[in-house]
């Protein structure tokens with residue numbers, strides 16, 4: 153195989169489009185940099201890589217990215233994945249002139265179908281967010297859930313207690329350091345649906361602490377400014393998900409049978425057709441999201457360059473830490489050269505994710 157373009161970059165991985173020399177088939181190759189030493193700040197732990205592979209091997213669904221093969225060399229573990237070239241769902245929607253709720257439900261239903269397959273196998277994604285909801289291509293608009301790097305199997309009698317996820321989308325139990333579960337994904341579905349319909353993030357504050365406080369207080373509303381054309385069915389759907397107590401939160405099965413997703417009479421069908429998403433606000437939200445990410449890329453490049461320069465001035469030679477930070481910087485430049493905004497966005501969003509058990513991540 154040979155690679156052509158960098159698609160996106162995560163904490164310890166770069167994803168490139170690759171082509172099979174024999175068949176000409178295109179795939180996505182995820183190059184995961186292995187941790188070279190226990191003290192290294194860069195690189196994924198062997199157990200984390202193996203867990204992601206094991207989960208991907210178990211999943212086989214039209215709305216979940218497919219794993220085809222695995223390779224390993226001295227530096228990287230490479231996953232050969234299904235090529236998903238349609239970009240983020242949110243970017244696709246932002247290009248629309250109008251989006252009726254009946255169309256929005258079709259997208260959310262696909263997310264739910266993918267989750268239903270995972271939850272049936274007791275696998276929780278734990279990092280559902282717009283950046284991890286892609287389209288196979290713009291013509292078909294088939295949803296693909298991606299990035300299972302922090303996904304977990306939820307086992308009876310074993311509490312999964314970790315600070316995992318992206319602040320804007322994490323559930324109250326994550327912040328409270330309580331057991332995570334399949335229900336944790338459902339909170340994220342509620343947040344994503346809220347944003348999709350209104351162009352407003354329900355809990356996002358001026359900083360992480362304020363965001364967490366809003367989440368723990370379940371402090372959200374349906375202001376007419378954002379939800380003036382939203383149906384009561386849609387609001388009820390969101391209310392069933394943004395519930396603090398995990399046991400009272402709607403499951404993926406509940407959601408798939410909710411009348412907003414699956415109307416049971418003509419009145420409900422008509423209500424969805426007449427209601428519209430707040431696309432003007434949504435476009436503003438999406439544009440602001442990209443603008444924030446562009447500021448982060450400049451800040452990150454400057455920070456890494458200063459860090460490497462300062463250490464070189466002190467030591468006169470490049471250390472392993474310098475090499476690792478240079479790898480991140482080179483990845484950014486590759487993304488920029490290829491006009492790969494998706495890659496830059498994915499890398500920068502990963503920087504806002506957090507894992508309390510990996511302090512320097």
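Residue numbers (our numbering): 153 to 513. Just so you know, even glycine gets a beta-carbon here, dropped at the ideal spot from N, CA and C. Small disclaimer: the values here were computed from a predicted structure and weren't measured.
| Check | Outcome |
| --- | --- |
| What residues are listed by DSSP as bridge partners for residue 240? | 286 |
| From the DSSP output, read off the bridge partner residues of residue 135. | For residue 135 there is no data in the structure shown, the boundaries of the chain being 153 and 513. |
| Around the C-beta of residue 401, are 16 or more other C-beta atoms found within 10 angstroms, so that it is buried, or is it exposed? | buried |
| Between which two residues does the alpha helix (DSSP H) holding residue 178 run? | First-last for residue 178: 178 to 185, but that is the beta strand (DSSP E), not the alpha helix (DSSP H). |
| DSSP three-state call for residue 165: helix, strand or coil? | strand |
| With DSSP as the reference, label residue 312 as helix, strand or coil. | strand |
| State buried or exposed for residue 329, treating a residue as buried only when at least 16 other CB atoms are found within 10 Å of its CB. | exposed |
| With DSSP as the reference, please indicate the residues paired to residue 428 in a beta bridge. | 252 |
| Quick one: grab the DSSP three-state call for residue 413. | coil |
| On the CB-based measure, 16 or more other CB atoms within 10 Å of its CB, does residue 414 come out buried or exposed? | exposed |
| From 314, 433 and 286, pick the residue whose C-alpha is nearest to that of residue 278; which is it? | 314 |
| Please identify the residue among 287, 214 and 180 whose C-alpha is closest to the C-alpha of residue 172. | 180 |
| Between 349, 388 and 243, which lies nearest to residue 252 when the distance is taken from Cα to Cα? | 349 |
| Over the uninterrupted alpha helix (DSSP H) stretch that includes residue 344, give me the two end residues. | 334 to 350 |
| Give the C-beta separation of residue 284 and residue 298 to the nearest angstrom, bearing in mind that I take them to be a contact with Cβ-Cβ under 8 Å. | 5 Å |
| Beta strand (DSSP E) containing residue 296: first to last residue? | 295 to 297 |
| State the DSSP-derived secondary structure class of residue 370, mapped to helix, strand or coil. | coil |
| Three-state secondary structure (DSSP) at residue 402? | coil |
| Is the beta carbon of residue 336 sitting closer than 8 Å to the one on residue 390? | no |
| With a CB to CB cut of under 7 Å and the five nearest residues on each side skipped, what residues in its chain are close to residue 366? | 355 and 357 |
| Using the Cα positions of residue 326 and residue 247, report the straight-line distance between them to the nearest angstrom. | 33 Å |
| Throw me the rounded Cβ distance for the residue 231 and residue 205 pair, which I believe falls under 8 Å. | 7 Å |
| Compare the Cα-Cα distances from residue 380 to each of 393, 352 and 362 and report the closest residue. | 352 |
| Could you work out which residue in 244, 369, 378 and 209 is closest to residue 394 when comparing CA atoms only? | 369 |
| Can you check DSSP and say which residues form a bridge with residue 305? | 275 |
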